[in-house]
Amino acid sequence: MAVCGIVGFVVKGSSENPFEELPAATESLKHRGPDASGMYLDRNTGVGLGHTRLSIIDLSYVARQPMGSEDGKVWIVYNGEIYNFPTVRNFLISKGFNFKSRSDTEVVLNSYIYWGEECFKYLDGMFALAIWDGRKNQLLLARDRIGKKPLYYYLEGQNIYFASELKALSHFKAIKRDIDLDSLALYLHYQYIPAPRTIYKQVFKLKPAHFLTLSDNGITLRQYYFPLKFSTTDKYLTDITSAIQDLKEILSQAVRDRLISDVPLGCLLSGGVDSSLITALAQQFVSPIKTFTISFKERSYDEGPYAKKVSRILGTDHMELSLSAEEALKIIPKFPRIYDEPFGDSSGLPTYLVSKLARTNAKVVLTGDGGDEQFGGYVRYWATGSLLKLQRSMRPLLKPVNMLAKNIPEKTFVWIYEAIRDYLPQRFQVTNVSDKLQKLLSTLTEGDIQSIYRLSIAIFNKEMIHELVGKEVTPCSFEDTFEHTKDLEPMQRLMAVDQNTYLPECMLTKVDRASMANGLEVRCPLLDTRVLEFSRTLPPNFLFCDGKGKRILKLLLKEFLPERLINRPKTGFGVPLADWFRKELKPMLLDYLSTERLKKEGIFNPVTVSTLVDQHIKGRSNHQHRLWVLLAWQLWRDTWCKL
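Next up, the structure:
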């Protein structure tokens, strides 16, 4: 097993010489694989493959990449982990295959030789890979079912370049890097750019569960995995106890599979439901397991005390690091090279730092990523059905109320909310109250589930984007997923969309870049295929009850932790940007979003941006997420558009 960086090309004719550029492109991915690197070059066929390796299983030289078949006709570069590789390996041995290593890379290579493009049906794990098949003169690119590992490609005629990260592609002179303003608009809307688009017009992301082939016969793009449809199993209609035990068995096996390692491992622990459950299950197999967390001095964002209590009860070997605004100032300039595409999720800051902390004591960590999207952890899931009903009865009143709320200063919202917070039901005890209330009122004025979904996760809406960049934008509506789920409950439809888009392109992108920048491998048991398909057999009331999500996860967690640590207000892995932008980060904000700079660059409307900055700093509104998205873009532009 080896989580790594891959890069390569197949060129049939070019004015440039990619063979000379490949070493630098490979070296640019050294952070993803600091243990070793290698290349395969065949100038006769125009093929170049580069690889950097983070060794996890079989640390020996024989497991190195690029790896070739016994006859030297098929070559692979591979980034990832196949958790069922022992089973697949034994099957292939029974079919006469010989193995020189214990690595899963060789299992993937021989799986392709045996099954061809059908091999991905049998491989369960996380991966992005390229296979050059000299027998067919064919390149195959593939990405795992969920999209845990990234893969970018540039296609021009019969020439193709690919890499784990955009920064590697920047080393090839043949690749055009023209900014796509439509992608910029999508970034402003979602805080990430949905696949298959990227910030560059001619560079694309391979979608999760897809593979691409390029040969003399042309290009094909195919989806090889389709998640199980939501369909409640009869035995779970009323028997939640049985469902809890089945979940425990499936999730325990997923955790056990991810504890296979020849190097030290641990868990990222926030103190929330998902990470606490994964840690509790891991502790059953490795004790004491190492745990790592990030804390803040700002109480409303700080989960450090909860993580410490969970660690104490479970008996883990715990480490904690505090993130201050001063520390954030040191990390923020690194952001454009860590996330080498515009990326606006500020929780990338603590994710990077906790990965750095973990890497001092471990090379592999388990996390709770995927719990919200698969078991209903977001408020918008259970709220959407209620909003649709509310719309029908209150439509004439909603727009005037929305307009009135926009003129109420943030401080007033916060003051009223803080006065009544302790008397509210737990599900209404939230952070960033003014920002969330404004978003709620905006979604209420929309008329259909797709519009509600877009607005519920939007940073800038269509009107604001037009005002910002003078461009009309039609945000991705994810119509295919909504169409395929039209017979389901609203919350199931939203969960399906998130699993296809927000999860791989935002959440998993954040985790991949932050961890790989530190040479750390992250494994996510809740994203195991068995867990995903199990979650889709559950009735909605096993996920939501009394306005609270993740019901079944919480009931399972009760076997390990007391009630007080389970049913508490959801904090999320956020950053106190609202305060920081008014204090320690204010000089940076004013510099990068200054009217003079924006006029010179000619992308954003300086008046619109100045209004946002002024309203936020004076406390009239909370624009922390919008300002961070703008700041992240400015930092990215400074880094990558001046090369």
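Residue numbers (the working numbering): 32 to 674. The beta carbon of each residue, even a glycine, is placed where N, CA and C say it ideally should be.
Which of the three DSSP states, helix, strand or coil, is assigned to residue i?
{"i": "Glu-351", "result": "strand"}
{"i": "Thr-263", "result": "coil"}
{"i": "Thr-382", "result": "helix"}
{"i": "Pro-65", "result": "strand"}
{"i": "His-82", "result": "strand"}
{"i": "Gln-169", "result": "strand"}
{"i": "Val-396", "result": "strand"}
{"i": "Gly-156", "result": "strand"}
{"i": "Asp-164", "result": "strand"}
{"i": "Tyr-114", "result": "coil"}
{"i": "Ile-177", "result": "coil"}
{"i": "Cys-672", "result": "coil"}
{"i": "Leu-303", "result": "A small correction: the amino acid at residue 303 is Gly; Leu does not occupy that position in the sequence shown. DSSP places Gly-303 in coil when its eight states are reduced to three."}
{"i": "Gly-402", "result": "helix"}
{"i": "Ile-480", "result": "helix"}
{"i": "Arg-289", "result": "coil"}
{"i": "Phe-128", "result": "coil"}
{"i": "Tyr-412", "result": "helix"}
{"i": "Glu-122", "result": "According to the sequence shown, residue 122 is Phe rather than Glu. If DSSP states are grouped into helix, strand and coil, Phe-122 belongs with the helices."}
{"i": "Gln-315", "result": "coil"}
{"i": "Val-42", "result": "coil"}
{"i": "Phe-203", "result": "coil"}
{"i": "Ile-224", "result": "coil"}
{"i": "Lys-649", "result": "coil"}
Which same chain residues, not among the five before or five after residue i, have their C-beta less than 8 Å away from its C-beta?
{"i": "Glu-564", "result": "Pro-258 and Leu-259"}
{"i": "Lys-43", "result": "Gly-77, Gly-188, Gln-189 and Asn-190"}
{"i": "Gln-314", "result": "Ile-320, Leu-345, Gly-346 and Thr-347"}
{"i": "Pro-535", "result": "Ile-177, Gly-178, Lys-179, Ala-226 and Pro-239"}
{"i": "Phe-316", "result": "Val-286, Arg-287 and Leu-290"}
{"i": "Glu-404", "result": "Met-526, Asp-529, Gln-530, Tyr-533, Leu-534 and Met-538"}
{"i": "Ser-168", "result": "A quick correction: the sequence has Asn, not Ser, at residue 168. Result list for Asn-168: Thr-76, Ser-246 and Asp-247, in chain order."}
{"i": "Asp-277", "result": "Phe-565"}
{"i": "Ile-379", "result": "The sequence shown places Gly at residue 379, not Ile. Correct list, in chain order: Phe-366, Ile-369, Tyr-370, Lys-541, Arg-544 and Ala-545."}
{"i": "Phe-573", "result": "Tyr-267, Ile-271, Ala-274, Arg-582 and Ile-583"}
{"i": "Pro-637", "result": "Thr-626, Leu-629 and Lys-630"}
By the DSSP assignment, the beta strand (DSSP E) with residue i in it spans what residues?
{"i": "Leu-268", "result": "Unbroken run through Leu-268: none, as it is neither H nor E."}
{"i": "Thr-324", "result": "321 to 326"}
{"i": "Leu-219", "result": "It is not in any beta strand (DSSP E) - Leu-219 instead sits in the alpha helix (DSSP H) that spans 212 to 221."}
{"i": "Leu-186", "result": "183 to 187"}
{"i": "Ala-194", "result": "190 to 194"}
Which same chain residues, not among the five before or five after residue i, have their C-beta less than 7 Å away from its C-beta?
{"i": "Val-304", "result": "Gly-402, Lys-581, Leu-584, Lys-585, Leu-588 and Ile-597"}
{"i": "Thr-639", "result": "Glu-498 and Leu-499"}
{"i": "Val-553", "result": "Val-396, Thr-398, Val-542 and Ser-546"}
{"i": "Gly-297", "result": "Ile-320, Lys-321, Thr-322, Phe-323, Ala-389, Asn-392, Ala-393 and Val-396"}
Which partner residues of residue i appear in the DSSP bridge assignment?
{"i": "His-241", "result": "Gln-254"}
{"i": "Val-108", "result": "Ala-161"}
{"i": "Ile-37", "result": "His-82"}
{"i": "Leu-72", "result": "Gly-79"}
{"i": "Gly-249", "result": "Ser-246"}
{"i": "Leu-296", "result": "Val-395"}
{"i": "Gly-99", "result": "Trp-106"}
Ordered along the chain, which non-local residues of its own chain (more than five positions away) have a Cβ less than 6 Å from that of residue i?
{"i": "Arg-208", "result": "Tyr-231"}
{"i": "Ala-94", "result": "Ser-132 and Ser-134"}
{"i": "Gln-222", "result": "Gly-375, Asp-376, Ile-490 and Val-660"}
{"i": "Phe-203", "result": "Pro-49, Glu-52 and Tyr-192"}
{"i": "Gly-64", "result": "Cys-35, Gly-36, Thr-83, Arg-84 and Leu-85"}
Could you give the residue range of the alpha helix (DSSP H) that holds residue i?
{"i": "Tyr-337", "result": "335 to 345"}
{"i": "Asn-141", "result": "135 to 146"}
{"i": "Tyr-675", "result": "It is not possible to answer for residue 675, since the shown part of the chain is limited to 32 through 674."}
{"i": "Phe-366", "result": "366 to 369"}
{"i": "Pro-49", "result": "49 to 58"}
{"i": "Lys-198", "result": "197 to 200"}
{"i": "Glu-329", "result": "Here Glu-329 belongs to no alpha helix (DSSP H), and DSSP marks it neither H nor E."}
{"i": "Leu-360", "result": "356 to 362"}
Looking at the C-beta of residue i, does it have a partner C-beta in chain D at a distance below 8 Å?
{"i": "Asn-531", "result": "Chain labels in this structure do not include chain D; a single protein chain is all it has."}
Q: Output the residue ranges of the beta strand (DSSP E) runs that lie fully inside the region 555 to 637 and measure 3 residues or longer, sorted by chain position.
A: none
Q: Let me know the beta strand (DSSP E) ranges lying completely inside the region 483 to 558, each 3 residues or longer, listed in chain order.
A: 552 to 554
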